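A.B. asks: Residue numbers (this note's numbering), protein chains in the order written: chain A, 11 to 340; chain B, 11 to 340. No residue lacks a Cβ here, since even glycine has one placed at the ideal position from N, Cα and C. Values in this document were obtained by computation on a predicted structure and should not be read as measured data.
Next up, the structure:
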């Protein structure tokens with residue numbers, strides 16, 4: 011199988027290397043024959059696409075190189091596009107994707123790091139760290155005592171890799187975990203799981219709200235001003251999903267008014283967030299530049315292992331575990 | 011036994027209540043007969059001291075009310091002073107304390123909260139949160155990717171309640187834990203334990219350094235400029251001990267120079283830290299106002315349980331587990 015890996019020109023942290031590829035192939039149970047090429051420039055991409063059956067690359071490269079209608083001519087033999095991201099919302103709508111081309115994400119890569127980030131954010135909120143960061147900007151010593159996590163209630167929206175890992179950590183620290191997802195199937199790390207349609211009934215119980223769902227037409231604006239108002243006064247919020255899942259201005263208003271007591275967000279609209287944006291200055295909010303779930307030490311190895319497992323499944327006629335359904339968006 | 015609890019006039023979070031006292035007595039295995047009084051004013055204190063055999067109070071109240079030589083006349087029947095703190099460094103030197111009066115701390119109260127704070131600080135440093143907080147002040151989006159804790163090395167100085175709880179959490183997350191304490195007896199959560207005299211040999215291996223020792227003549231200035239220089243470039247530091255355990259200016263210099271890559275400190279010199287102090291503005295440093303280990307939801311219950319266990323030991327002629335040795339200072 012003819013595979014091309016297109017790296018960006020400028021990403022020292024996450025560019026795939028031939029050494030990483032060789033190691034992944036040696037780890038794979040049954041890789042079959044795989045013929046790989048690498049490029050990081052336009053000419054290398056164009057040349058490789060004439061033959062490639064599989065492309066592994068960044069969502070922004072897919073977005074740039076395959077405008078609507080372009081793919082069949084530019085990459086006539088392409089059967090699989092694999093992205094090194096879990097959330098492919100920037101590729102929606104999927105009208106550029108011919109139905110015979112399978113789109114894969116790297117769902118599963120982020121579990122350990124995302125779980126640690128989620129736990130960190132919950133501990134930071136329980137210890138009022140966003141409040142202290144705001145006080146530090148004003149150079150004021152404002153003690154406020156926090157409690158341990160045990161016995162507190164967190165609502166986690168989305169129970170995929172990120173939300174599931176968050177739930178496991180929260181549960182291990184004795185929290186009561188209320189999961190919310192499309193269908194309310196039980197989850198081993200959740201005390202309760204509710205359907206998204208029941209979200210309004212869950213929010214009043216959420217001392218902590220953690221967002222970890224994909225951004226899709228169904229989740230865009232899910233946590234709007236009205237739903238923020240359903241949270242108990244003093245609730246604390248974490249966003250590891252996408253900035254557009256909540257109403258960012260309403261979150262800022264709720265923090266300024268004291269309805270929310272603190273927040274940690276790994277995402278923003280827009281990214282990168284420009285100087286002068288309100289989010290930087292909102293009291294009790296810590297802004298993290300979209301790095302919560304990506305551990306450079308393990309990221310490419312995990313991504314390649316997942317890709318090879320999916321290619322083996324496709325080769326053998328089994329369902330690819332990481333196939334993205336364009337109709338659902340994840 | 012005649013016990014007096016002197017609350018400060020102004021501490022709604024931690025003032026002891028008769029309800030808390032009654033609950034603690036009901037939990038105690040063998041409390042014996044205990045006759046308790048409460049006050050929060052000067053007159054109540056003076057009256058109670060004429061009869062009290064045990065005083066439970068704040069270190070600052072002990073400091074104010076018992077200058078050198080004053081105790082025998084003011085509290086002629088006093089046998090035990092119990093403080094609702096673990097670190098009694100503000101009472102040193104102990105020349106004000108008659109040798110027949112036993113001084114108790116509440117060591118053990120802080121374990122769960124301190125362990126969660128220590129873990130939070132390590133996770134924050136691994137995820138570059140102090141760097142992002144500094145970038146947020148400048149309103150700049152500066153992604154930097156972090157790794158999970160597993161496989162990283164932390165040196166923990168002090169293995170009492172705080173350091174032991176920190177070691178347990180670090181170990182649970184797969185870190186290599188190098189403990190440092192007065193005598194190098196093994197500790198169940200440490201991969202290695204070294205004597206303080208060997209600190210210089212341990213520091214070059216410490217990707218993370220966490221201070222959790224009492225402040226005593228032996229630890230004052232322990233982490234000086236020279237020892238900070240022994241840490242590997244890019245090391246990260248946490249101080250849950252006392253500000254005077256490290257050379258605060260040298261820490262700021264090392265952060266500004268990039269020798270240290272981040273810090274979280276729960277302590278400062280002086281406290282409260284005044285506006286305009288250099289510590290507030292040091293890049294990559296998060297200043298927390300001395301709240302790391304105090305959970306109001308459980309603090310008084312734990313403190314009272316520990317006091318009652320110590321009083322039972324004293325009554326029965328056993329050693330009091332929380333007795334502070336004035337010669338060691340802890």
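#1: Using a Cβ-Cβ cutoff of 7 angstroms, what residues of the segment 56-87 of chain B are near chain C? List them in chain order.
#2: If you draw a straight line from the C-alpha of residue 279/A to the C-alpha of residue 130/A, how long is it?
#3: How would you write the range of the beta strand (DSSP E) that residue 12/B sits in, first residue to last?
#4: Please state whether the Cβ-Cβ distance between residue 56/B and residue 87/B is less than 9 angstroms.
#5: Residues of chain B with CB closer than 7 angstroms to the CB of residue 6/A, please, in chain order.
#6: Could you tell me whether any Cβ in chain A is nearer than 9 angstroms to the Cβ of residue 312/B?
#7: Give every residue of the same chain whose Cβ lies closer than 7 angstroms to the Cβ of residue 193/B, excluding the five residues on either side of it in the sequence, and list them in chain order.
#8: So residue 249/A is in the beta strand (DSSP E); what residue range does that whole segment cover?
#9: Counting pairs of Cβ atoms below 8 angstroms between the segment 222-235 of chain A and the segment 158-170 of chain A, do you hit three or more?
#10: For the segment 139-152 of chain B against the segment 183-202 of chain B, are there 3 or more C-beta pairs whose distance is under 8 angstroms?
#11: According to DSSP, is residue 74/B part of a helix, a strand, or is it coil?
#12: Along the segment 127-140 of chain B, what residues have a CB closer than 8 angstroms to any CB found in chain A?
#13: Determine the direct distance from the alpha carbon of residue 49/B to that of residue 68/B, and round the result to whole angstroms.
#14: With a threshold of 9 angstroms between beta carbons, is residue 26/B in contact with chain A?
#15: What number of angstroms, rounded off, separates the C-alpha of residue 19/B from the C-alpha of residue 154/A?
#16: Please report the distance separating the alpha-carbon of residue 282/A from that of residue 237/B.
#17: Using the rule of at least 16 other Cβ atoms within 10 Å of the residue's Cβ for burial, across every protein chain shown, is residue 14/A buried or exposed?
#18: To the nearest whole angstrom, what separates the beta carbons of residue 330/B and residue 112/B, a pair I think is in contact under 8 angstroms?
#19: What does a CB cutoff of less than 8 angstroms around residue 234/B pick up in its chain, not counting 5 residues either side in sequence?
#20: So, for residue 106/B: in the same chain, excluding its five sequence neighbours on each side, which residues have a beta-carbon less than 8 angstroms away from its beta-carbon?
#21: Which chain A residues are close to residue 123/B, counting only those with a beta carbon under 7 angstroms from its beta carbon?
#22: Since residue 298/A meets chain B, which of its residues come closer than 8 angstroms, beta carbon to beta carbon?
#23: I'd like to know whether the C-beta of residue 175/A is nearer than 9 angstroms to at least one C-beta of chain B.
#24: Is there contact here, the segment 33-53 of chain B with the segment 287-297 of chain B, by at least three beta-carbon pairs under 8 angstroms?
#25: Just to confirm, are residue 212/A and residue 135/A a CB contact at a threshold of 9 angstroms?
#26: Figure out for me which residue from 38/A, 70/A and 175/A has the closest Cα to the Cα of residue 101/A.
#27: Thinking C-alpha only, which one of 326/A, 109/A and 190/A is nearest residue 219/A?
#28: What are the boundary residues of the alpha helix (DSSP H) that includes residue 45/B?
C.D. replies: According to the structure shown:
#1: Annotation note: the requested chain C is absent from the structure, which comprises protein chains A and B.
#2: For the purposes of this step, residue 279/A is identified with residue 269 of the first chain, where counting begins at 1. For the purposes of this step, residue 130/A is identified with residue 120 of the first chain, where counting begins at 1. Their Cα atoms are separated by approximately 23 angstroms.
#3: The residue labelled residue 12/B in the question sits at position 2 within the second chain. Run containing residue 12/B: 12-16, per the beta strand (DSSP E) assignment.
#4: Reading the second chain from its first residue, position 46 is the one you call residue 56/B. Reading the second chain from its first residue, position 77 is the one you call residue 87/B. No, they are not a contact pair.
#5: What is shown of chain A runs 11 to 340, which leaves residue 6/A out entirely.
#6: Translated into the one-based positions of the second chain, residue 312/B becomes position 302. Judged by the 9 angstroms Cβ criterion, residue 312/B is not in contact with chain A.
#7: Stepping through the second chain from its first residue, residue 193/B is reached at position 183. The residues are 205.
#8: In the first chain, counting from the first residue as 1, residue 249/A sits at position 239. Element bounds for residue 249/A: 245-249.
#9: Touching, yes, given that three or more Cβ pairs across the two stretches are closer than 8 angstroms.
#10: no
#11: On the second chain, position 64 is the one that residue 74/B refers to. Correct three-state label for residue 74/B: helix.
#12: 127, 129, 130, 133, 134, 136, 137, 138 and 139
#13: For the purposes of this step, residue 68/B is taken as residue 58 along the second chain, with counting starting at 1. For the purposes of this step, residue 49/B is taken as residue 39 along the second chain, with counting starting at 1. So the alpha carbons of these two residues sit roughly 13 angstroms apart.
#14: Reading the second chain from its first residue, position 16 is the one you call residue 26/B. No, its Cβ sits nowhere closer than 9 angstroms to a Cβ of chain A.
#15: Taking the first residue of the second chain as 1, we reach residue 19/B at position 9. Taking the first residue of the first chain as 1, we reach residue 154/A at position 144. Distance between the alpha carbons of residue 19/B and residue 154/A: 18 angstroms.
#16: Indexing the first chain from 1 puts residue 282/A at position 272. Indexing the second chain from 1 puts residue 237/B at position 227. Distance between the alpha carbons of residue 282/A and residue 237/B: 39 angstroms.
#17: Along the first chain, read from residue 1 onward, the residue named residue 14/A stands at position 4. By the neighbour-count rule (16 or more Cβ atoms within 10 Å), residue 14/A is buried.
#18: In the second chain, residue 330/B corresponds to position 320, counting from 1. In the second chain, residue 112/B corresponds to position 102, counting from 1. Yes, they are in contact, since the Cβ atoms of residue 330/B and residue 112/B sit about 6 angstroms apart, within 8 angstroms.
#19: Position 224 of the second chain holds residue 234/B. Counting only Cβ-Cβ distances below 8 angstroms, and skipping sequence neighbours, we find 256, 257 and 260.
#20: On the second chain, residue 106/B is found 96 positions in, with the first residue counted as 1. Taken in chain order, the residues that qualify are 76, 77, 78, 79, 80 and 81.
#21: The residue labelled residue 123/B in the question sits at position 113 within the second chain. Chain A residues near residue 123/B: 158.
#22: Numbered from its first residue, the first chain carries residue 298/A at position 288. Correct list: 137, 139 and 142.
#23: For the purposes of this step, residue 175/A is identified with residue 165 of the first chain, where counting begins at 1. With 9 angstroms as the cut-off, residue 175/A does not count as an interface residue toward chain B.
#24: no
#25: What you label residue 212/A is simply residue 202 of the first chain in a count that begins at 1. What you label residue 135/A is simply residue 125 of the first chain in a count that begins at 1. No, Cβ-Cβ distance for residue 212/A and residue 135/A is not below 9 angstroms.
#26: On the first chain, position 91 is the one that residue 101/A refers to. Nearest of 38/A, 70/A and 175/A to residue 101/A, Cα basis: 70/A.
#27: Here the question's residue 219/A lines up with position 209 in the first chain. It is 190/A.
#28: By 1-based counting over the second chain, the position of residue 45/B is 35. Note, residue 45/B: premise wrong, no alpha helix (DSSP H); beta strand (DSSP E) at 45-49.
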